[in-house]
Each structure stands twice: as structure tokens, then as C-alpha cells.
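Participant: Please see the structure below; I have some questions.
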Amino acid sequence: IHLKFYAELSNDEIADILHVNKQSVANLLHRGLSRLRDDWPALLSVVGLWLINPVLSNA
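Following the numbering used here, the numbering of the sequence shown begins with 123 at its first residue and continues without gaps.
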């Protein structure tokens, strides 16, 4: 996901870096984005609690 959206690489470029085929890159991106979509509420809750709780923020 980092290589695709932050480094702005194509699936072909990512496949070359990871030494996998282009379809594997597409599958991994799809699976990763699906998990982020599904887990986003839980991740946001954890980050929100961390930001509002000064004890956790200083740890």
C-alpha cells in the first residue's frame, strides 16, 4: 500500500521490487485495502483513545 499510494509506483514496478508477478501485487493490494476498510473503525478508536488520554500519550 505504501509503494502504491505514497511512492506512487505502478503494479509492475512493485512486482519488480518484491520479486512477485503483477497479479500477486494486485491481490495483495486488494486484500490490504479491504482489511483497512474493515478495520478502520477499530483503528480510529484506538488512535482516538490514545490522543485523548494523557497517560497513554506520555507513555
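Note that beta-carbon positions come from the ideal geometry of N, C-alpha and C, so glycine has one too. These numbers come from a predicted model, not from an experiment.
Straight-line CA distance for L125 to N175?
Facilitator: Position 3 of the sequence shown, counted from the start, is the residue given in the question as residue 125. Position 53 of the sequence shown, counted from the start, is the residue given in the question as residue 175. The straight-line gap from Cα to Cα measures roughly 33 Å.
Participant: Could you check if V168 is buried or exposed, using at least 16 other CB atoms within 10 Å of its CB as the buried criterion?
Facilitator: Residue mapping note: residue 168 aligns to position 46 of the sequence shown, counting from 1. With fewer than 16 other beta carbons inside 10 angstroms of its own, V168 counts as exposed.
Participant: Taking the straight line between their C-alpha atoms, what separation do you get for I123 and A164?
Facilitator: For the purposes of this step, residue 123 is identified with residue 1 of the sequence shown, where counting begins at 1. For the purposes of this step, residue 164 is identified with residue 42 of the sequence shown, where counting begins at 1. Distance between the alpha carbons of I123 and A164 is about 19 Å.
Participant: Using alpha carbons as the reference points, say which of E135, D160, R159 lies closest to A148.
Facilitator: Sequence index remark: in the sequence shown, residue 148 carries index 26 (1-based). The residue with the shortest Cα to Cα distance from A148 is E135.
Participant: Span of the alpha helix (DSSP H) holding K144?
Facilitator: As a working mapping, residue 144 is identified with position 22 in the sequence shown. 144-174 is the span of the alpha helix (DSSP H), which, as asked, contains K144.
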